[in-house]
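Right, one structure below, let's go through it.
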Amino acid sequence: MTRRVRTTKGLAKRMDLQYFTHSHPLRRWKMYLSVAVPVIAVVWFFSQRATGQKVYSSGPVSASHAFFGKKCELCHVTEHGVFRKEVSDKACLACHDAPAHHPTLVTFTPTCGSCHVEHRSSLRLAHTMDAGCAQCHTDLKVKTGEVKFARDIEGFDRHHPEFAALRPDATDPGTVKLNHYVHLQPNLAGPKGHNDPVQMTCQDCHRPASDNRPWPYAKQIQACPTETGAPTPALQTVSATMAETPRDVSSRAYMQPIKFANQCAGCHMRDLQFDKRFNESVPHCKTDVVQAFLVKKYTEYIAAHPSAMSEPLTPNRVALSSLVQLPAPPKTREEWIKWQVANADRLLFDKGCKLCHTMVQGEGPIPTVAKSAIPVRWLQHADFDHDAHRMVKCASCHARAPQSRKTSDILLPGIASCRGCHQQGGAMHDAADGRCSECHQYHEWQNEQVPRKDFTIPQLRSSAAGL
Amino acid sequence: MSSEGIAAKPVPQSITLTIDGKPVTVPLGTTIFDAARMNGIPVPTLCHQQNENPVGVCRVCVVDVGARVYAASCIRQAEAGMVVKTNTEPLEGVRRTLLELLMADHPSPCARQQHSGDCELEKLAAAAHIEHPPFPRRTTPRGHDDSSLAIAVDHEACILCDRCIRGCDYIRNNWVLARRGKGYQAGIAFDLNEPMGDSTCVSCGECMVSCPTGALTNRGVVGTKLEGDLVDPEFLLDLPVFKNVSGNFLELNRNAVVERHFRAGDIICREGDFGATAFYILDGTVDIFISSPMAHVKTEDSSTGLLNKLRSFLAPRDRHQRNGDPSRNSIPIDAPIDLPYDKRVAQLHAGELFGEMTCMSYYPRSATVRAATDVRVLEMLRNVLDIMQRNKSFREQLDRTYKQRALESHLKSVPVLASLTPEFIEHLKSRVELIRYLPGQMICAQGEPADSFYLVRLGFVKVSESRPGGDLVLAYLARGSYFGEIAFLGNTTRTATCTALDHVEVVRIPGDDFRRMLDEFPEVRHKLEEVAADRVAANQQRLTQIESVPVDQFLNQGLMEAQSLLVLDLDRCTRCDQCVRACADAHDGVSRLIREGLRFDKYLVATSCRSCRDPLCMVGCPVGSIRRRNSLEIIIEDWCIGCGQCANNCPYGNINMHPFPVEMADPEHPGRMIASTRLKATGCDLCTDHAEPSCVYACPHDAAHRVNPPQFFASMLKQPTPAKGGV
Amino acid sequence: MVAAVAYIPYRHSSPQGASGGSVMGLIYGSFGFAFMIFAGLLGARKKVPVWRLGRAQTWMRGHLWLGTIAFPLILLHAGFHFGFGLSRVLMWCFVVVFVSGIFGAGLQHFMPRLTTERIPMETIYEQIGRVRSQLVDEAAFLVEQARAMLTGNLSDASAEQRAVAAGAGTMGGVTVATGLNVDEQASSDLQEFFDRKMRPFLQQAGARRLELADRATSQAMFRQLRLLLPMNLHTTVDDLENICEEKRELDQQTTYHRILHGWLLVHIPFSYAVLLLGAIHAVVALRY
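Top line first, the protein sequences correspond to chains A, U and Z. Residue numbers for the first sequence follow this note's numbering, so the first one is -9 and each next one is one higher. Residue numbers for the second sequence follow this note's numbering, so the first one is 2 and each next one is one higher. Residue numbers for the third sequence follow this note's numbering, so the first one is 198 and each next one is one higher.
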């Protein structure tokens, strides 16, 4: 066995008492590295800074601003004092115009940056997050007066109210009567009459403007004189008649407005026939035009067929119903024309036109047709693009349409139908994007000004050193 | 025959006899040897020495007087008409045989023969041409006795001639030596056959001078050569302190004492140096002082090193007061007088002796001595000092000096006596005795009636109490300390045993005397009773804190001796050295702990003061700077002179010497200060100035603990957990 | 408890593209940075261990807890984006610091116990060089004594060996060859063993490739040595073997100690870098 003995004193005597004051590789390296690494970091930082300010950036700029991404000072302007170089709205407004949102009502105007977050790489800047809208709309206060709309809208899923058009007691303001149910039945009498049964579909009448296939139930009809007297084309594009036109809305977004010539004339010209003797219909125009046409027609007829004077007066069915006694035979041609016209009026104004239109009592003896007032665009404050939904069956959203019998039915899909696919969480929840910015515009683009156009390319492109 | 015969008849004044054919006339009563010697006729002797009464034991001096047997001429008185033949052939033969017999057992060449060539036996043997004694050597050894400092005893060489006995008894009247035993066991003995050094022998040297062989020879102190002028023994004998010392002895010890001259300002000895000599001032005055600056060996009692250094730089403190301590107002040193704390310098004059403890027990010098005027000193080695100390006249002088100079301050330092009036003290002074004790000798025993009060003048006294598990050392008392004050109360027994550790000298005040005097001072008596009661209570309390000792593996590492251990939990310790750094930070940059030592279970027992129950470190401090307060910790006061005794004594290496930078007077340019370093002892003081020891405080992993071993390790030792405070 | 507090704000403020600049982000960032500064102060605290500023243990616990919480706080502050340029570098540095800290904390959990168990003859790491040279001296002395014995030069041999020699019947300085086993060959073999194998091993720190570094090989070699030398020198051989064992343990201790402390070489410099860059980042971010 070993004789080496370990005693406390022996062990202690081996040690140099001041050992902990001497340097040692571990401690030395700790110190070297503790100096070296931060120095390297700072040197790196300043070297990066020398080659451009990218080092400060907290993320890449968005794709749309990347082309002047090197020129930080275009956005980060020195405004207050020397130190802060935050982005001010003025910088954004140098290129963009951003018409104010309800300028008279808002209690404060958020900065551009509070909704449009840069340095997040290739997000679309315009697609702001709901929080930006929510900063006012979760507890809406207006400068003057009462809040007319929902006070607490946080997002799409829960708090967004039903569409304004679908208020509980709202009705379709259109005066043109239409029974969708009937029209969607099979074996309808087609343009050629009862021998030509047709099954109508939604697209036969409702198409976006970009769809330029021929209307199946269109008929070339006589144009009505416009106020200016110039003829209007039968097929019209959308934008000219849209109220509150949204920006860059494609012609695929909205359905074309319904025109008699495009969607109705093919079958319903027959309803404008007024007299068996004439195999034509009155023009589909205002009642005075129709009246003038009737008078002209009968005048020409009696001139050509004076023997008609002696034929007995046969009121049509409609006139019969309001007839008290048979009329006396007309003595003059004028009387005969007058009576014939009145007869035709009864047929038309009480039946033919009335089939679709609402007749109102006008100033003169003949009624006028109420303005059709068919809303061309139901959602005034949101953008809807049918083209993005083209894969969906019409009736899947417009569920009430096939069963709708009343004109007053509003066949616009409610918010619940939208929520079937669109949720606030959007792609994160495997749903369609339900952010505010998906449908709504913040800026009132109708007030858009022309932006400033005086940047030169070198101003935008050259990289500056240091801010 | 002779004495009776002489008394009966009327005696003529001188007689005539014939020696070797030569008539000689001698006074009546003269022995034949003297008669022959007076007339130029040499007779060989061994046991006879002229200044001693003859005993006639060796028979070498036998002469033929014409009678049937030969007569021992040293003792036989001459008679008128005697015909004496001193050198006949038969006589030669007889003497030769005697010498052969003696030489057979003689370890030739014996010590005397080697050193000085004058062993009388061997000389005679050589003259008789005895080279190889025909007799066999004795088989049983007779032994050596080396216990005396001055004289070496070699019983092998002893021829039982009785000279030493006669010299010690009749010439010097010391009555130490005597015969012992019979036959082959016969020999000389000191006192009751004790070793010479332990006996009452006063080292006068008479026996050695008388001894014809190498049985008693002079011992030189090996390896020490003194510089200085050799002193004439005659001169020494004139000094009162060397009165009654054998001149021969001093002659033989010429090299052991020298006279030295110092000019004013010379340094005679320096504190902390090791030495083997004592100094006796012949004339002149010396300054004795401690030159180590009072600093640097204390726990900082404020929290930071840097600030404290600033503060001490701007407003230095000249006295370090610890909390709860009565201030020490004197520093005990190895001289007739103690140094006052505030002004650490004193003066010694002619006739005073300093350096006793260094010389006798090899302690380091306790102070620096510098000549104030031109001085003459005697520097002596231990054997000469021993002679002086046992010399009665020196003792008296010592007594006087002590009583004059130191006794009063020593008495005053005893709290119970502090309030005494000067008259009382004067009275006391006359009643004190100076008593010396030898190493290991018991001064008073536990359980004995307490009858005296003791002050320690020189040396170390161990105060211990015997307990079931062993002895517990309560204290080591150094110069200036006192014990036994319980005696003042009367009718009490000693609560502890006091033993002398080395050469101890105490001042003893008999209790009876004291008590009688107390009758005149009742308030002192009252105070005494209080103090004594406190003492007893304190002792008792200390004892109850220590449980009965389980004897087991603890003893291997000496852990049971410890009252406080610094243990590092090795399962948590990341060896980061924070404890060591913190300790160094709190203690002038010198760490008081070393992170090395033996392990016990999963703990490392760090090398740091263990507050042992028997603090060996405290033994031998020449200036009493290492001491234990009422609480556990051992502290080293700031007047430590750096001799290193405590560091050597500590069996665990817990005390280390460390150089500290100091400013001191430049020896070459008086009046200027230079930077220098002094060694000072450093040890752990349990950081009592802080709430918790710095090392424990600074450990980030809760791995360092200061523990009481029996409690801490109780579960590990599988002993029932000791209850705190009760026994 | 603190972690719970940190989680509730997390639920409230889903990072809605809200970057570090938003209010919540700033709060997170400030707290995170504050915790990091406190964590960094541990190093400073260790420099003044005696100042009564709170126990070292408290500081260490605080360092661990606050440092751990700083990590999620900073993650929340950044909205889990790693950013670009400065922010990215800073974030990565912080991750390095955090991971190395967790790693180190884990090491400190079991390495001390491992060291204690495996290295009975442990000593102070910084003094290993000194102890090693003392071992060399001790071994050399033992070899010298043994050789003295083997060559019959008793005056240089140890007291023990001289006793053995005396027992074998020598007197004075005279050897009796048969009793004492004087063996010149063994003596030179021993010296060669020492010079070639043992001394290089003892002198070199971490001599892993040398033969004696492996315990089994060492045992075999010493067994050989015992065959070579007489019985009375076997205790010396035991001593030499023990010295080699101690050297092996010291090498092992060096390795363990380096592992236990090596991670600091990463943790500390990078934490300085984090603090520095973090300060720059705070200034820069608030500026823009």
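A virtual CB, placed ideally from N, CA and C, is assigned to each residue, including glycine. Predicted model, so just to flag it, every value in this text is computed and none were measured.
Enumerate in chain order the residues of its own chain whose CB-to-CB distance from residue i is below 7 Å, with the five nearest sequence positions on each side excluded.
{"i": "V272 (chain A)", "result": "L262, F264, V280, F283, L284, L338"}
{"i": "F300 (chain Z)", "result": "W460"}
{"i": "L225 (chain A)", "result": "Its pLDDT being 42, under 50, L225 (chain A) is placed unreliably in this model, and the coordinates cannot settle the point."}
{"i": "R480 (chain U)", "result": "P333, V457, R458, L459, G625"}
{"i": "G182 (chain U)", "result": "G188"}
{"i": "D319 (chain U)", "result": "Per-residue confidence for D319 (chain U) stands at a pLDDT of 43, beneath the threshold of 50, marking its modelled position as unreliable; the derived number appears in the next sentence. Closer than 7 Å at the Cβ level, and outside the excluded window around D319 (chain U), lies no residue."}
{"i": "I282 (chain U)", "result": "L349, H350, A351, G352, E353, V376, V378"}
Quick check on the burial criterion: 16 or more other C-beta atoms within 10 angstroms. Buried or exposed for residue i?
{"i": "A90 (chain A)", "result": "exposed"}
{"i": "G325 (chain U)", "result": "For G325 (chain U), the predicted structure reports a pLDDT of 39, less than 50, and the residue's modelled location is therefore unreliable. The matter cannot be settled from this model."}
{"i": "F36 (chain A)", "result": "exposed"}
{"i": "D392 (chain Z)", "result": "exposed"}
{"i": "N269 (chain A)", "result": "exposed"}
Can you find a CB in chain A that lies within less than 8 Å of the CB of residue i?
{"i": "Y453 (chain Z)", "result": "no"}
{"i": "P710 (chain U)", "result": "no"}
Quick one: residues in its chain with C-beta nearer than 8 Å to the C-beta of residue i, no 5 flanking neighbours on either side, listed in chain order?
{"i": "C85 (chain A)", "result": "P441, R442, F445"}
{"i": "Q348 (chain U)", "result": "T286, V287, D288, I289, A373"}
{"i": "P187 (chain A)", "result": "P176, N177, L178, A179, G180"}
{"i": "L633 (chain U)", "result": "Q564, S565, S612, L687"}
{"i": "L402 (chain A)", "result": "F153, A155, L156, W368, L369, H388"}
{"i": "L594 (chain U)", "result": "L567, C580, V581, C584, A607, T608, S609, C685, C696"}
{"i": "V308 (chain A)", "result": "R336, L337, D340, K341"}
{"i": "D194 (chain A)", "result": "W205, P206, Y207, Q253"}
Just to confirm, are residue i and residue j a CB contact at a threshold of 8 Å?
{"i": "Y604 (chain U)", "j": "L569 (chain U)", "result": "yes"}
{"i": "V591 (chain U)", "j": "G598 (chain U)", "result": "no"}
{"i": "H412 (chain A)", "j": "F146 (chain A)", "result": "yes"}
{"i": "C162 (chain U)", "j": "C270 (chain U)", "result": "no"}
{"i": "C647 (chain U)", "j": "C618 (chain U)", "result": "yes"}
Is it the case that the CB of residue i approaches a heavy atom of the ligand ADP more closely than 7 Å?
{"i": "T141 (chain U)", "result": "Among the components modelled here there is no ligand, and therefore nothing to report on the ligand ADP."}
Taking CB distances under 8 Å as the criterion, tell me whether residue i reaches chain Z.
{"i": "N309 (chain U)", "result": "Residue placement at N309 (chain U) cannot be trusted, given a pLDDT of 49 that sits under 50; the coordinates are not used to answer."}
{"i": "T683 (chain U)", "result": "no"}
{"i": "K86 (chain U)", "result": "no"}
{"i": "P100 (chain A)", "result": "no"}
{"i": "M418 (chain A)", "result": "no"}
So with Cβ pairs under 8 Å, would you call residue i a contact of chain U?
{"i": "L23 (chain A)", "result": "no"}
{"i": "R252 (chain Z)", "result": "yes"}
{"i": "Q305 (chain Z)", "result": "yes"}
{"i": "T(-2) (chain A)", "result": "yes"}
Mind checking which residues open and close the beta strand (DSSP E) that includes residue i?
{"i": "H706 (chain U)", "result": "705 to 708"}
{"i": "K681 (chain U)", "result": "674 to 683"}
{"i": "L18 (chain U)", "result": "15 to 20"}
{"i": "K23 (chain U)", "result": "23 to 28"}
Which residues in the same chain as residue i place their Cβ atom closer than 6 Å to its Cβ, once the five residues preceding and following it in sequence are excluded?
{"i": "S695 (chain U)", "result": "A583, C584, A587, C688"}
{"i": "F395 (chain U)", "result": "V242, M389"}
{"i": "S4 (chain U)", "result": "Summary for S4 (chain U): the model assigns pLDDT 46, below 50, so the residue's position carries little reliability; its value from the coordinates is reported in the next sentence. For S4 (chain U), where only same-chain residues beyond five positions count, there are no Cβ hits under 6 Å."}
The alpha helix (DSSP H) spanning residue i covers which residue range?
{"i": "K444 (chain Z)", "result": "431 to 459"}
Open item on the list: Please identify, using Cβ separations under 9 Å, the residues of the segment 317 to 340 of chain Z that lie next to chain D, in order along the chain.
Closed with: Of the chains in the structure shown, none is chain D; the protein chains are A, U and Z.
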